[in-house]
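Numbered as in our numbering, the sequence shown ends at 268 without a single skipped number. Positions of the beta carbon are idealized from the N, C-alpha and C atoms, including for glycine.
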Amino acid sequence: MLTAVDSSAQTPSPAPTYSYADLADRALIAPVAVIATITEAIRLKPEQAPGVAPGHARVYVEASANTLIRGAGGLPPTLSYLADVPLDARGKVPKLKGQQVLLLARPVPGKPGELQLITPDAQMPLTPELEQRVRAILTEALRSDAPPPITGITSAFHVDGTIPGEGETQIFLSTREHRPISLSILSRPGQERQWSVALGEIVDQAAKPPPKDSLLWYRLACGLPRELPAGATGDLDADAARSARDDYGFVIEQLGPCTRNQPIKTS
């Protein structure tokens, strides 16, 4: 029997804010993305909720499914799941009944309507911006040319141009789906360095860097190592290897940090 429990001794936590990387981390591995309205929320006793972060409480939630954003086979109208929510300033669970939320979850096999959130905090208060951001991530991910996860760097080479200060570096990446991705960096005297990404065998010199908070940006900014591995330049002489490392550092700087406000905790 689940009962509501008061606890004013815990320190409240601020409402989470999600970066693009936070949302992509969750949405891309969630078989189900659904907008729902909470109809019941019951706080579990501490002994029923091991591993809850300080300032949070675990609740059993029942909700009505409103809009299915992602989910093969659909969902029944009534859903249930467990979620960890931040406590309010009084150390209590805020009022959840009637709140619209976006859930990123997986179905529980053999239990229709029962979900398991991808992460304990993957029940997120619905806003138009949140819905738009998650829809954009999933729409990009479903495209036939969607960039796959990057698993490493296989090799790099650098060729000097015919005049001092001119050169080109190409860096070849490995991916989970064994699809080719490469970076191309061009240097010309008196001009800003230019770089581009090729999602295939053909390098388009006119291609532009990916915009921030796009799926390709996420794959690169969050999947690439911060420095070019030594093994990637093993076949280059010292000067060419130095140029390749410098050009790679330029790309990493241009991408900017992969900011995660709510990193997924793994046990």
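In chain order, Ile36, Ala37, Thr38, Ile39, Ala64, Gln124, Met125, Pro126 and Leu127 place their CB closer than 8 Å to the CB of valine 102, counting only its own chain and leaving out the 5 sequence neighbours on each side.
Just measuring C-alpha positions, the residue of Asp240, Gly224 and Glu141 sitting nearest isoleucine 253 is Gly224.
Pairing leucine 217 with proline 165 gives a Cβ-Cβ distance that is not under 8 Å. Across the set Pro226, Val62 and Arg243, the C-alpha of Pro226 shows the shortest separation from the C-alpha of threonine 152. The beta carbon of alanine 106 lies closer than 7 Å to those of Ala31, Val33, Tyr82, Leu116, Gln117, Leu118, Ile119 and Ala123 in the same chain, with the five residues before and after it left out.
DSSP places arginine 134 in the uninterrupted alpha helix (DSSP H) bounded by 129-142. The beta-carbon distance between threonine 170 and alanine 245, rounded to whole angstroms, is 5 Å. This is short enough to meet the 8 Å contact definition.
Put simply, of Ala66, Gly92 and Leu229 the residue whose alpha carbon is nearest the alpha carbon of arginine 59 is Gly92. The closest CA to that of proline 190, considering only Ala199, Ala208 and Glu167, is found on Glu167. Comparing alpha carbon positions, the residue from Pro87, Ala84 and Ala73 closest to proline 108 is Ala73. Pairing alanine 208 with proline 181, the inter-Cα distance amounts to about 16 Å. In the DSSP annotation of this structure, the continuous segment of the alpha helix (DSSP H) that includes valine 252 starts and ends at 239-256.
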